[in-house]
Each structure stands twice: as C-alpha cells, then as structure tokens.
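Structure, rendered in structure tokens:
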C-alpha cells in the first residue's frame, strides 16, 4: 500500500460511545456526547469497530438526532479481528499477525473514517490502538472526539490522587496471583502515591471484591464506580476498614471500575 | 459540622471545562461539552474552583447557550487555597492543613455544588481531589459530568497501549534528575508495557523535548498532543529515531501532553 498514491488522505476520528452498552437503561445521547461529536459521527460512512452489531445500534441512535450521511445498509463497517479483542493490540501473542494498515485503505483513498468501540473511548481500556498507530505510520491525521470515558469519570469522582494514577487493565484470575498483584498495586498506590485503577468482567465482581477486602490494608482507600453517566450511577470511596463493615456493593451484572489509593 | 443536621444534602458535580484556557482561539462549547453537562452547570449557583476569574469566564460562555439560574454577580464562587494549587491535594506538605470539608457547607445545607478547574476535568491532572474526598466522607453524592480531558484524548490518539497506562504528572526540573526519571519511565513503558504520560509547563516544552530525544532509546515511541479539541490540534506519534531527524515540534506557549511507549 503506497501512502501517497491517492492525493489528500482522510482523517481517522476516534468516536466515543455511550457507557450504557449492555445496560437495561440508556443515557440520552445528548446528555453524554457533545453535538460536535454526534455531528462528526453522522457524516462518516466508513467505520472500524469492536463489534459491527453494536456499532450499527449506536449509529441508529445517532441517526435519530443527526441524520446519517449514508443509510445503515450503506455504511461500511469493518470489525477488528478477534485476536485483537482477546489479546489486546499490544500483546506479544496473536496481535503480531495483524496488519492494521489494511483496515485504513479508505482513509488512504481520501475518505474520513471512524474508530469505535462498544462503550467509551476506542483504544482506551478497549482495542483499537493498533489502528491508531497504523494511521500515524501512514500519515493519516488522527482526531479524538470528546465523549464519556469510564476510567476518567471514575478517577475524578474517586477522591483519590488524580495527579498521578495508572490504569492497569484486568487482574489475574488465579486467586493467589490476584492477591499478589493486589499487594503490588497497593504498594504503588500507598507508598508511591500513584492511584491504581482496574476493571473486571462483571461476573467476577463479587469475587474481586472479596479479594480486595482480604488482601488490602485497613487504611488503604478503595473507590468503586458503576453505572457511570446513568441515573443509577453509584460512586463510593472509603477505607478498607470501613468497607469491611458494609455489605458487598457490587453485583455480577454491572460493569464497575475499581480504584485504590492512599 | 454535623453531616446530618440539614436534611437531604446537595450533590457535588464535577464540571469539565473546555481545553482552550489561555489559548488564542476558543472551541465552541457545544462541540466539546454535551448538552447535559451545560444544562446541569447552568442551574448550579455554588462553585468551588481553581481560579474564580476563569470560572466566571466559563460561566459567561455557558450563559450564552443555557441561561444561568443566577446572575454572575449572584453566583457563589470559592477558590481552592493556593497551597492546594501548588503542592497538590495529596502532597505531604502544605495540603495537610487544608480542611476541604469547610468548602462543602452549602452542599450539607442541601444545595447542589459544582467543582471546576481551568481546563478539563477537575481533580484529574488538576487540583480538586481533596474536595471530592471530603464529599465522600460527608456522605455528599459525587457526580462526574462528561467533557474533554486532555490526557484521555492524548492516550487514545497516541497509538500507544491504552489498556495499561499511567499519568505521572510533571517531571523533575533539574536536568540530571529529569534524565534519570525519563529512563525510569522508559523502563516501565518498554519493558512493562505501561504507556507513560506526563505534562510540562509550556515554557519548558522545548527543554523537555531535547531531554526526551537525548535520554530515550531510538526504538521507544514518543507521542505528542497539543491543541486538543481545537482546529489546530496536533497529534503525532513516532519512534525517537524518527523524531531525531525532524525539527522540534513544540513551542513554549502551547500546553502539550507527552506519552512514551513500546
């Protein structure tokens, strides 16, 4: 693929999606996405996405506010390969075989494209960064649009240090590995003052909650955010000692962001 | 202060501000803030802010789209103490003397309040987390609203790993300390796969750029984002080796986010 063969290139827009994916209730789009983001999204016709079905569902919601430049049937929607979903864009396995530049052919031919994930910002706690990297390598302009990002809303609302923080993805599934990892994160959070954020597949929420209460020191602060941007949003922040006297605040259906700090 | 003396408490809203603070051009508010955020902000009358003057300027811009519930003169706007600005909310010095609960008196009396910084999300790469923490301690509900966050836009658009990343604030000012810190961050970024983001006071941009090119390995990837959400946004991502052959892309007036990764 020659990056220069087709004259001016298109732009790759990173289009955030609402955080209500898989939830019983939906946030009105205009309450969580700027008009500018919705308008830009409505004029795109070429997409790279995590999941085509949920991308179409989101486009349908946008269409109701800002009519799409092309019908849903005419939209060109390409899914990221499964290996990227499962192993991440920057893993050592699986993703190595994937050439994201192939997905950007339309942008090389001058069309603007959108990158989209199922919830929140693509390429943040979600696949997509290999596509963004490929865009830079091909000289395609990358423009991130404003929208909801659960991690960011969670750290802001946690009361933990937001001037030094890390998002570390998922924890190990094995109990002993997980406990070790939690103590490692607690040292970073408490001794080095860097708040540590992580997420979990909802059906493991209760298990991780028990591990947190068992593994961490009484004075360590633990914040929990779920339902962000929705009416039933729940953001709580307490010491481990305080949490130990309360019933488990998570269920096994609702995605949550966990954060620990000093 | 008795948290329970006044019946139902108000909510503390975290209100993001546009990223054009101190810039020659402004982003139209509706292009970077959801209607929901602007509407909620317009009905608040009690504020805690980083700087009262810039808070008023922002409220004036909101008023032009969504008339404020109280005139600018009637708005109650309290500034965070200077010690918090300079030393952060979670430092060991200065901030220790500051009791953020005092600032939340109106919320305890049932009024909704807004927390606001000069640009982006309060309490993220900005002061304010002590107020959020105090709200949790007083049983005041905390609701983060959606808006632009430069760090998040930068990591998404960097093409670096967004499934494991850290924001580490500012680098040391001393040259030798800074070089040491950069090599430390490079190890985390390259060996441990955790992208590292940091910011700098604009007038030191060129100095830090030289330090980056001198201290980091040729294969390390360095991304730079400035003017985020503005028409002149500039987001570039290259290896150190590639950057070394190009003119310095930063100036000493424009705030920038730097990110390094594998």
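Protein chains in written order, with the numbering used here: chain C, 1 to 262; chain L, 1001 to 1262. Glycine residues also receive a C-beta, built at the ideal position from the N, C-alpha and C atoms.
- Message: Between the alpha carbons of residue 238 of chain C and residue 1136 of chain L, how many angstroms are there, rounded?
- Response: Looking up residue 238 of chain C in the first chain gives position 238. Looking up residue 1136 of chain L in the second chain gives position 136. Straight-line Cα distance between these residues: approximately 8 Å.
9 Å is my cut-off, CB to CB: does residue 1167 of chain L come that close to chain C?
As a first step, residue 1167 of chain L is located in the second chain; it is residue number 167 there, counting from the start. With 9 Å as the cut-off, residue 1167 of chain L counts as an interface residue toward chain C.
ask   = Taking buried to mean at least 16 other C-beta atoms within 10 Å of its own C-beta, is residue 1252 of chain L buried or exposed?
value = In the second chain, residue 1252 of chain L corresponds to position 252, counting from 1. Answer is exposed; the Cβ neighbour count stays below 16.
**Asked** Which whole-angstrom value describes the C-beta separation of residue 1055 of chain L and residue 1077 of chain L, a residue pair presumed to lie in contact below a C-beta threshold of 8 Å?
**Response** The residue labelled residue 1055 of chain L in the question sits at position 55 within the second chain. The residue labelled residue 1077 of chain L in the question sits at position 77 within the second chain. 5 Å between Cβ atoms; contact.
Practice item. State the DSSP-derived secondary structure class of residue 1040 of chain L, mapped to helix, strand or coil. Key: For this step, residue 1040 of chain L is matched to residue 40 along the second chain. Correct three-state label for residue 1040 of chain L: helix.
Under 9 Å between the Cβ atoms of residue 114 of chain C and residue 14 of chain C? Here residue 114 of chain C is taken as the residue at index 114 of the first chain, counted from 1. Here residue 14 of chain C is taken as the residue at index 14 of the first chain, counted from 1. Yes, the Cβ-Cβ distance between residue 114 of chain C and residue 14 of chain C is below 9 Å.
*Of all the CB atoms in chain C, is at least one closer than 9 Å to the CB of residue 1305 of chain L?*
Any property of residue 1305 of chain L remains undetermined from this structure, which presents chain L solely from 1001 to 1262.
Do residue 121 of chain C and residue 1162 of chain L count as a contact pair if the criterion is CB distance below 9 Å?
In the second chain, residue 1162 of chain L corresponds to position 162, counting from 1. In the first chain, residue 121 of chain C corresponds to position 121, counting from 1. For residue 1162 of chain L and residue 121 of chain C, yes; Cβs fall inside 9 Å.
Note to self: Can you tell me whether residue 118 of chain C is helix, strand or coil according to DSSP?
What the structure shows: Counting from one through the first chain, the residue named residue 118 of chain C turns up at place 118. Of the three classes helix, strand and coil, the one that applies to residue 118 of chain C here is coil, per DSSP.
Are the beta-carbon atoms belonging to residue 1037 of chain L and residue 1145 of chain L less than 9 Å from one another?
-> Walking along the second chain from the start, residue 1037 of chain L turns up at place 37. Walking along the second chain from the start, residue 1145 of chain L turns up at place 145. Cβ distance < 9 Å, so residue 1037 of chain L and residue 1145 of chain L count as in contact.
Run down chain L in chain order and give the residues with a C-beta less than 9 Å from the C-beta of residue 15 of chain C.
Here residue 15 of chain C refers to the residue found at position 15 when the first chain is read from its first residue. Chain L residues near residue 15 of chain C: none, gap ~10 Å exceeds 9 Å.
Within this structure, are the beta carbons of residue 1216 of chain L and residue 1224 of chain L separated by less than 9 Å?
Along the second chain, read from residue 1 onward, the residue named residue 1216 of chain L stands at position 216. Along the second chain, read from residue 1 onward, the residue named residue 1224 of chain L stands at position 224. No, the pair does not count as a contact, with Cβ atoms beyond the cut-off.
* To do: Compute the Euclidean distance between the alpha carbons of residue 1117 of chain L and residue 1081 of chain L, then round it to the nearest angstrom.
  => Along the second chain, one-based indexing puts residue 1117 of chain L at 117. Along the second chain, one-based indexing puts residue 1081 of chain L at 81. If you take the alpha carbons of residue 1117 of chain L and residue 1081 of chain L, they lie about 13 Å apart.
Flag residue 30 of chain C as yes if its beta-carbon sits less than 9 Å from any beta-carbon of chain L, otherwise no. Translated into the one-based positions of the first chain, residue 30 of chain C becomes position 30. Yes, residue 30 of chain C lies at the interface with chain L (some Cβ there is under 9 Å from its Cβ).
Margin query: Tell me the DSSP secondary structure of residue 251 of chain C in three-state form.
Written below: In the first chain, counting from the first residue as 1, residue 251 of chain C sits at position 251. Coil, per DSSP.
* To do: Taking 9 Å as the cut-off, decide whether the C-beta atoms of residue 111 of chain C and residue 66 of chain C are in contact.
  => Counting from one through the first chain, the residue named residue 111 of chain C turns up at place 111. Counting from one through the first chain, the residue named residue 66 of chain C turns up at place 66. The answer is no: Cβ separation not under 9 Å.
Handout entry: Per-residue contacts from residue 1129 of chain L into chain C (C-beta, under 7 Å)
Key = As a first step, residue 1129 of chain L is located in the second chain; it is residue number 129 there, counting from the start. 159, 160, 161 and 162, listed in chain order.
Three-state secondary structure (DSSP) of residue 1075 of chain L: By one-based count along the second chain, residue 1075 of chain L stands at place 75. In this structure, residue 1075 of chain L counts as coil in the three-state DSSP scheme.
Task: Contacting positions in the stretch 1039-1070 of chain L - beta carbon closer than 7 Å to chain C - done: none
> For residue 1157 of chain L, does the three-state DSSP call read helix, strand or coil?
Replying inline: Stepping through the second chain from its first residue, residue 1157 of chain L is reached at position 157. Here residue 1157 of chain L carries a helix assignment [DSSP, helix/strand/coil].
Q) Does any residue of chain L bring its CB to less than 9 Å from the CB of residue 136 of chain C? A) Walking along the first chain from the start, residue 136 of chain C turns up at place 136. Chain L contact via Cβ: present.
Practice prompt. Return the CA-CA distance between residue 268 of chain C and residue 123 of chain C, expressed in angstroms with no decimal places.
Written response: With chain C covering 1 to 262 only, the question about residue 268 of chain C has no answer from this structure.
Cα-Cα, which of L:1220, L:1020, L:1226 and L:1254 is closest to residue 1244 of chain L?
To locate residue 1244 of chain L, count along the second chain from 1; it is residue 244. Of the candidates L:1220, L:1020, L:1226 and L:1254, the one whose C-alpha sits nearest the C-alpha of residue 1244 of chain L is L:1220.
My understanding is that residue 1154 of chain L touches residue 1257 of chain L, with C-beta atoms under 8 Å, so please give their C-beta distance in whole angstroms. The sequence position of residue 1154 of chain L within the second chain is 154, counting from 1. The sequence position of residue 1257 of chain L within the second chain is 257, counting from 1. That belief holds up - the Cβ atoms of residue 1154 of chain L and residue 1257 of chain L are roughly 4 Å apart, short of 8 Å.
Check your understanding: So does the stretch 1192-1212 of chain L actually touch the stretch 191-200 of chain C, counting three or more Cβ pairs closer than 8 Å?
Key -> no
List the DSSP bridge partners of residue 66 of chain C. Locating residue 66 of chain C in the first chain gives position 66, where the first residue counts as 1. Paired residue(s): none; residue 66 of chain C is not in a bridge.
Taking the straight line between their C-alpha atoms, what separation do you get for residue 261 of chain C and residue 186 of chain C? Position 261 of the first chain, counting from 1, holds the residue named residue 261 of chain C. Position 186 of the first chain, counting from 1, holds the residue named residue 186 of chain C. Near 7 Å, if we compare the C-alpha coordinates of residue 186 of chain C and residue 261 of chain C.
Q) With a Cβ-Cβ cutoff of 9 Å, do residue 1255 of chain L and residue 1148 of chain L count as a contact? A) By 1-based counting over the second chain, the position of residue 1255 of chain L is 255. By 1-based counting over the second chain, the position of residue 1148 of chain L is 148. No, the pair does not count as a contact, with Cβ atoms beyond the cut-off.
Output needed for residue 213 of chain C: all residues of its chain with C-beta closer than 7 Å, excluding positions within five of it in sequence on either side, in chain order. Your numbering for residue 213 of chain C matches position 213 in the first chain. Taken in chain order, the residues that qualify are 240, 243 and 244.
Exposed unless 16 or more other CB atoms sit within 10 angstroms - verdict on residue 1156 of chain L: What you label residue 1156 of chain L is simply residue 156 of the second chain in a count that begins at 1. Label assigned to residue 1156 of chain L: buried.
Residues of the stretch 1189-1201 of chain L in Cβ contact with chain C at a cutoff of 8 Å, in chain order, please.
1193 and 1194
Practice item. Indicate whether at least one CB of chain C lies closer than 9 Å to the CB of residue 1257 of chain L. Key: Start at 1 with the first residue of the second chain, and residue 1257 of chain L comes out as number 257. No - not a single Cβ of chain C is within 9 Å of the one on residue 1257 of chain L.
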